[in-house]
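Numbering-wise, my numbering puts 109 at position 82 of the sequence shown, and it's gapless, one number per residue.
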Amino acid sequence: MASSAAMTSQARLDRLHALRRSLYRAQAIGPFSIPLAAGLGLGFLASFAVDAALYRSVDIPLRQVIDAAVFAAVAAPVWLLVQRGAVRDAHEVMSWLNGWETERWQIEIGRRLSTLPRANPGVLDALPDTMGLRPLRVELLAVRGQADEAYDRLEHLPTDTPWQRFERAALEEWLAFLGDGPALIGPMEALAAQIDDDERRLVARGMIAAARARRAAVDGSDAIGPLAALRAELDDRPRRYAYPYWTGVVLMVGAIAVLASAAVAITAAIIR
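Okay, structure coming up:
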């Protein structure tokens, strides 16, 4: 077993954020997102062109409204066209999995959570010591680098049902991952196949895909493929927890369009 000494704070943080960074880097040049830059860049150009054409015939604020509409009409489709479909699929699989986990722990804790517990490990201090929350306690102890206690509590988790046995294997992989230990995904796959409930078995497969993606993110290999491969089987499930990826893009572009139209109008007035 990995010792707590192996879990240095920086190494642990790097591993916790490796997947998110990998999904971003999949379509970025340095700190710049290619879909974002392409969408906003062409949106600004189109908005400037329309503003120039309407400068003498249409007054502000109507021209600003048209500029904003043109910006949004160009930026959002370009962003989505440039964005790799596999990256969108990977984001939606993770949104579903994180949403499912958050909902599960909300029910167990009895109150609404604003974020996934492992993103806020301080919740551990107020976590009731109930049977249903013991897996979460192990997960959060690992996030905080308390590996020895996490392993000790892991040994006492129940293994009466196929799901409990799978979850214990998943936590063993989680601890090994954060402690820079060898991958333990094989046992997860074997135990997932024994889960009778279709929905829980799909969640287990999502957890396996996420575990593979995290390992790949750290290794510098394909972190998108394991997640994207599961998207088609989820149908509309991700929408239970989050808007579709394209909706987020459209809303973000719409908000930026308001600022962009003002910037275009001011710049055009200065130039002319």
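Ideal placement from N, C-alpha and C gives every residue a C-beta, glycine not left out.
TODO: Give, in chain order, every unbroken run of the alpha helix (DSSP H) that is at least 4 residues long and sits entirely within the region 216-266.
DONE: For the region 216-266, the full-length alpha helix (DSSP H) segments reaching 4 residues or more read 225-246, 252-255, 258-261 along the chain.
- [ ] Measure the Cβ-Cβ separation of Phe148 and Leu184 and say whether it is below 8 angstroms.
- [x] Here the question's residue 148 lines up with position 121 in the sequence shown. Here the question's residue 184 lines up with position 157 in the sequence shown. Correcting the residue identity first, residue 148 is Pro in this sequence and not Phe. Leu184 is positioned such that its CB atom lies no closer than 8 angstroms to that of Pro148.
Open item on the list: Just to confirm before moving on: does the CB-CB distance between Leu107 and Pro144 stay below 8 angstroms?
Closed with: Residue 107 sits at position 80 when you count from the first residue of the sequence shown. Residue 144 sits at position 117 when you count from the first residue of the sequence shown. No.
Task: Backbone CA spacing between Leu286 and Leu72 [nearest angstrom] - done: Position 259 of the sequence shown, counted from the start, is the residue given in the question as residue 286. Position 45 of the sequence shown, counted from the start, is the residue given in the question as residue 72. Rounded to the nearest angstrom, the two C-alpha atoms are 14 angstroms apart.
Open item on the list: With DSSP as the reference, identify every bridge partner of Phe59, one or two as the case may be.
Closed with: Against the sequence shown, residue 59 aligns to sequence position 32. According to DSSP, Phe59 bridges with Ile56.
Open item on the list: Could you tell me the alpha carbon to alpha carbon distance between Tyr203 and Leu218, rounded to whole angstroms?
Closed with: Position 176 of the sequence shown, counted from the first residue, corresponds to residue 203. Position 191 of the sequence shown, counted from the first residue, corresponds to residue 218. The question names Tyr, but residue 203 is Ala in the sequence shown. So the alpha carbons of these two residues sit roughly 18 angstroms apart.
- [ ] Just mark Leu40 as buried or exposed, buried being the case when its beta carbon has 16 or more other beta carbons within 10 Å.
- [x] Here residue 40 corresponds to residue number 13 of the sequence shown, with the count starting at 1. By the beta-carbon neighbour count (other beta carbons within 10 angstroms, threshold 16), Leu40 is exposed.
TODO: Apply the 10 Å Cβ neighbour rule to Ser49 and answer buried if 16 or more other Cβ atoms are within range, or exposed otherwise.
DONE: Locating residue 49 in the sequence shown gives position 22, counting from the first residue. Buried, by the Cβ-count rule.
Task: Cut-off 6 angstroms between Cβ atoms - residues of its own chain near Leu67, not counting five sequence neighbours on either side - done: Numbered from its first residue, the sequence shown carries residue 67 at position 40. Ala102, listed in sequence order.
Task: Endpoints, alpha helix (DSSP H) assigned at Ala103 - done: The residue given as residue 103 occupies position 76 in the sequence shown. Where Ala103 is concerned, the enclosing alpha helix (DSSP H) stretches over 89-109.
Open item on the list: Could you check whether Val105 and Arg160 sit closer than 8 angstroms to each other, using their CB atoms as the reference points?
Closed with: Residue 160 sits at position 133 when you count from the first residue of the sequence shown. Residue 105 sits at position 78 when you count from the first residue of the sequence shown. Rather than Arg, the amino acid found at residue 160 in this sequence is Leu. No, these two residues do not count as a Cβ contact at 8 angstroms.
TODO: State buried or exposed for Asp116, treating a residue as buried only when at least 16 other CB atoms are found within 10 Å of its CB.
DONE: Taking the first residue of the sequence shown as position 1, residue 116 is located at position 89. Looking at its Cβ environment, which holds 16 or more other Cβ atoms inside 10 Å, Asp116 is buried.
Task: At least 3 beta-carbon pairs within less than 8 angstroms: the region 274-288 vs the region 88-102 - done: Below 8 angstroms, enough C-beta pairs join the region 274-288 and the region 88-102 to call them touching: three or more.
- [ ] Write down the C-beta distance between Ile222 and Trp190 rounded to the nearest angstrom, noting that I regard them as a contact closer than 8 angstroms.
- [x] What you label residue 222 is simply residue 195 of the sequence shown in a count that begins at 1. What you label residue 190 is simply residue 163 of the sequence shown in a count that begins at 1. 6 angstroms between Cβ atoms; contact.
TODO: Would you grab the beta carbon distance between Ala231 and Phe193 for me? Rounded to a whole angstrom, and I think it's under 8 angstroms.
DONE: Counting from 1 along the sequence shown, the entry for residue 231 is found at position 204. Counting from 1 along the sequence shown, the entry for residue 193 is found at position 166. The pair is a contact, with the Cβ atoms about 5 angstroms apart (cut-off 8 angstroms).
Task: Burial state of Gln37 (16 or more Cβ within 10 Å) - done: Locating residue 37 in the sequence shown gives position 10, where the first residue counts as 1. It is exposed - the Cβ of Gln37 has fewer than 16 other Cβ atoms within 10 Å.
Task: Local Cβ density within 10 Å of Glu128, reported as buried at 16 or more and exposed below that - done: Taking the first residue of the sequence shown as 1, we reach residue 128 at position 101. When all chains shown are included, Glu128 counts as buried.
- [ ] Please indicate yes or no: does the CB of Pro104 lie closer than 7 angstroms to some heavy atom of the ligand MN?
- [x] Among the components modelled here there is no ligand, and therefore nothing to report on the ligand MN.
Task: Nearest-angstrom Cα separation, counted from Tyr82 out to Ile136 - done: If you number the sequence shown from 1, residue 136 lands on position 109. If you number the sequence shown from 1, residue 82 lands on position 55. About 59 angstroms.
- [ ] Note down the Cα distance separating Tyr51 from Arg195, rounded to an integer number of angstroms.
- [x] Within the sequence shown, the letter at position 24 stands for residue 51. Within the sequence shown, the letter at position 168 stands for residue 195. In a straight line, the C-alpha of Tyr51 is about 30 angstroms away from that of Arg195.
TODO: In the DSSP assignment, find the unbroken alpha helix (DSSP H) run with Pro162 in it and report its ends.
DONE: Stepping through the sequence shown from its first residue, residue 162 is reached at position 135. It spans 161-170 - the alpha helix (DSSP H) in which Pro162 sits, taken as one unbroken run.
Open item on the list: Quick check: Val245 and Ala45, are their CB atoms within less than 8 angstroms of each other?
Closed with: Translated into positions along the sequence shown, residue 245 becomes position 218. Translated into positions along the sequence shown, residue 45 becomes position 18. Contact annotation: Val245 and Ala45 have beta-carbon atoms nearer than 8 angstroms.
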